[in-house]
């Protein structure tokens with residue numbers, strides 16, 4: 139029973155009730171005529187919060203598990219009904235706040251009426267009446283447990299009568315909850331069909347109707363059985379293809395490049411082309427390694443010459459650009475270890491027996507973590523909406539349906555409802571400041587790719603929130619340089635970032651216009667900085683800088699994930715190109731100074747280490763599996 143109550147998480151419900159009260163408080167000032175009604179709802183939410191906090195302490199009492207099984211099941215059912223109503227209201231308020239335009243009283247009145255009508259359609263009762271029912275139920279449960287566990291004496295007959303009255307109230311709540319769940323399923327089905335119809339109509343516009351045939355008046359002369367043909371217009375002259383050529387530099391022309399053989403992915407079936415390294419979970423060697431800089435970047439050597447990213451790269455073919463997520467994890471990004479060892483990854487979502495997944499939602503990639511935890515990203519082909527599915531158990535088997543197939547735990551949430559932030563060696567997915575999942579990685583590169591891939595998928599959703607400033611890049615990274623560049627016809631913001639923990643340096647290009655500041659590609663250049671002649675000015679224009687052997691990881695279908703022999707950056711200002719090279723040279727001098735200190739410092743004595751201290755672990759957290767790509 140304790141596990142069942144923990145699944146409902148009364149303390150989390152307390153946070154939801156408090157957040158709802160804070161969100162609804164703005165309607166008090168914006169709607170003076172409805173202020174009394176809004177204050178009543180807020181007051182009830184605060185009372186529910188206080189009662190839930192009291193019940194959270196009573197559920198921990200050892201005497202709670204000694205109650206009868208029937209009473210425990212009834213209490214769990216009532217708590218579940220209250221949790222469902224609060225989450226329904228939370229989703230409605232969030233949707234109305236995201237779709238609201240402006241801060242006028244008319245917009246506030248429209249949002250408030252939409253909240254009341256949506257809640258009534260789902261729950262089958264008004265907002266104030268349903269919250270009052272839950273408040274009375276929680277008040278009786280708290281009073282009953284207070285009398286049972288308190289030192290005061292009560293007659294058994296009175297206790298039995300109170301328990302009987304509480305059970306009758308719980309059964310009435312259960313009946314109402316079943317009806318509200320049926321209304322919720324019906325509303326979701328209607329909403330899904332409406333979205334599909336709108337998407338279909340936007341893609342396939344119906345042909346305009348034919349004009350009606352006009353009937354001639356009775357007094358008009360009869361029409362001729364034939365008509366005299368008009369002279370046909372002169373045919374246009376043929377276009378000289380050598381004289382009128384399309385302008386170069388558009389994103390639709392073909393890119394002349396050397397054919398590249400695909401770089402072998404990290405897979406348990408295909409052997410690695412690079413020399414195998416000893417099994418380590420996370421290295422104790424500081425990054426970047428400056429004592430012996432490699433002659434070439436640590437990468438899997440291709441069988442042919444790498445492609446050259448020159449002045450005007452074009453959009454790749456549809457087969458390679460339609461699903462960018464199938465390529466961003468297909469090339470090894472590196473293995474810059476983090477100083478802090480990864481912890482146990484956890485998911486705190488509500489366990490679900492059945493996940494309501496549409497037929498158009500397909501799995502695009504998955505990430506495996508410690509503790510047999512699997513995180514799967516799903517994407518709707520019609521609405522481009524992304525969902526996060528977390529499972530535990532099942533031995534990593536393929537997941538294709540919404541029912542529990544041998545999994546010990548499964549849950550799902552819309553990606554647009556989650557925020558992402560880096561915390562130490564991992565990232566946290568949060569929902570209204572409540573942690574939904576804590577995910578830890580073994581290296582900085584894989585954590586960065588997952589971070590930006592999640593934000594890119596979330597930004598494509600119709601209900602995507604505006605990214606926060608803290609989500610522009612990972613927490614713990616320092617911005618060393620920023621300027622605007624011409625990125626294949628798009629104006630993007632180029633950022634030079636350095637992680638303070640691992641020392642990893644990378645380039646990141648993000649959208650510079652609009653509210654969606656989302657990274658479209660990134661490149662890790664830690665090892666390239668230590669090489670000579672890898673950075674140079676372009677001979678064509680002073681605003682261009684050329685770099686060699688750059689691995690570009692794309693999070694957009696407009697760019698290609700590939701290894702470029704010549705990678706060119708086109709700045710909007712010549713001074714920005716000079717400042718960029720100065721920032722790179724400054725970082726190179728810091729690495730030289732750090733390397734000299736390492737050479738001059740005496741080597742520390744070797745200490746025997748255990749397998750876990752050396753970094754070995756049977757499973758590596760944050761491993762991206764590629765058997766679920768399209």
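Numbering (the numbering used here), first residue to last: 139 to 768.
The C-beta atom is built at its ideal place from N, Cα and C for all residues, glycine as well.
Model, not experiment: these values are computed from the prediction.
Rounded distance between the beta-carbons of residue j and residue i, thought under 8 Å
| i | j | result |
| --- | --- | --- |
| residue 658 | residue 647 | 5 Å |
| residue 708 | residue 681 | 6 Å |
| residue 512 | residue 529 | 5 Å |
| residue 551 | residue 509 | No, residue 551 and residue 509 are not in contact; Cβ-Cβ is about 19 Å, not under 8 Å. |
| residue 684 | residue 704 | 6 Å |
| residue 779 | residue 599 | With the chain covering 139 to 768 only, the question about residue 779 has no answer from this structure. |
| residue 590 | residue 693 | 5 Å |
| residue 156 | residue 187 | 5 Å |
| residue 515 | residue 593 | 12 Å between Cβ atoms; not a contact. |
| residue 586 | residue 612 | 6 Å |
| residue 556 | residue 527 | Rounded, the Cβ-Cβ distance is 12 Å, inconsistent with contact. |
| residue 628 | residue 483 | Not quite, the Cβ-Cβ distance comes to about 36 Å (not below 8 Å), so this is no contact. |
| residue 660 | residue 644 | 5 Å |
Distance, residue j Cα to residue i Cα
| i | j | result |
| --- | --- | --- |
| residue 261 | residue 185 | 20 Å |
| residue 174 | residue 255 | 18 Å |
| residue 499 | residue 331 | 14 Å |
| residue 495 | residue 464 | 21 Å |
| residue 377 | residue 462 | Note that residue 377 has pLDDT 43, beneath the 50 cutoff, so the model's placement of it is unreliable and the number below is only indicative. Rounded to whole angstroms, residue 377 to residue 462 spans 37 Å at the Cα level. |
| residue 554 | residue 252 | 20 Å |
| residue 617 | residue 623 | 16 Å |
| residue 580 | residue 504 | 16 Å |
| residue 179 | residue 572 | 23 Å |
| residue 501 | residue 189 | 41 Å |
| residue 733 | residue 727 | 10 Å |
| residue 226 | residue 165 | 19 Å |
| residue 588 | residue 615 | 16 Å |
| residue 582 | residue 485 | 21 Å |
| residue 722 | residue 664 | 10 Å |
| residue 702 | residue 574 | 38 Å |
| residue 570 | residue 673 | 44 Å |
| residue 507 | residue 266 | 43 Å |
| residue 625 | residue 632 | 9 Å |
| residue 224 | residue 214 | 15 Å |
| residue 567 | residue 576 | 7 Å |
| residue 169 | residue 158 | 17 Å |
| residue 546 | residue 532 | 7 Å |
| residue 565 | residue 642 | 17 Å |
| residue 720 | residue 714 | 10 Å |
| residue 497 | residue 597 | 22 Å |
| residue 335 | residue 475 | 48 Å |
| residue 83 | residue 735 | In the structure displayed, the chain extends from 139 to 768; residue 83 sits before or after that span and is not available. |
| residue 231 | residue 161 | 8 Å |
| residue 149 | residue 183 | 14 Å |
| residue 711 | residue 699 | 27 Å |
| residue 274 | residue 203 | 23 Å |
| residue 603 | residue 670 | 43 Å |
| residue 489 | residue 151 | 15 Å |
Cross-strand partners of residue i (DSSP beta bridge)
| i | result |
| --- | --- |
| residue 475 | 581 |
| residue 636 | 616, 643 |
| residue 515 | 503, 526 |
| residue 557 | 568 |
| residue 704 | 686 |
| residue 691 | 660 |
| residue 628 | 625 |
| residue 721 | BP columns for residue 721 are empty, so no partner. |
| residue 484 | 576 |
| residue 649 | 630 |
| residue 188 | DSSP, once it has assigned bridges, lists no residue as partnering residue 188. |
| residue 332 | None; residue 332 has no bridge partner. |
| residue 709 | 623 |
The alpha helix (DSSP H) enclosing residue i, as first and last residue numbers
| i | result |
| --- | --- |
| residue 674 | Unbroken run through residue 674 is the beta strand (DSSP E), 673–675; no alpha helix (DSSP H). |
| residue 467 | Run containing residue 467: none; DSSP gives neither H nor E here. |
| residue 274 | 265–287 |
| residue 152 | 148–162 |
| residue 698 | Careful: residue 698 lies outside any alpha helix (DSSP H) and carries neither H nor E. |
| residue 98 | This structure leaves residue 98 out entirely; the chain is present only between 139 and 768. |
Run of the beta strand (DSSP E) containing residue i, from where it starts to where it stops
| i | result |
| --- | --- |
| residue 658 | 657–662 |
| residue 169 | That residue, residue 169, is in no beta strand (DSSP E); it is neither H nor E in DSSP. |
| residue 548 | 545–552 |
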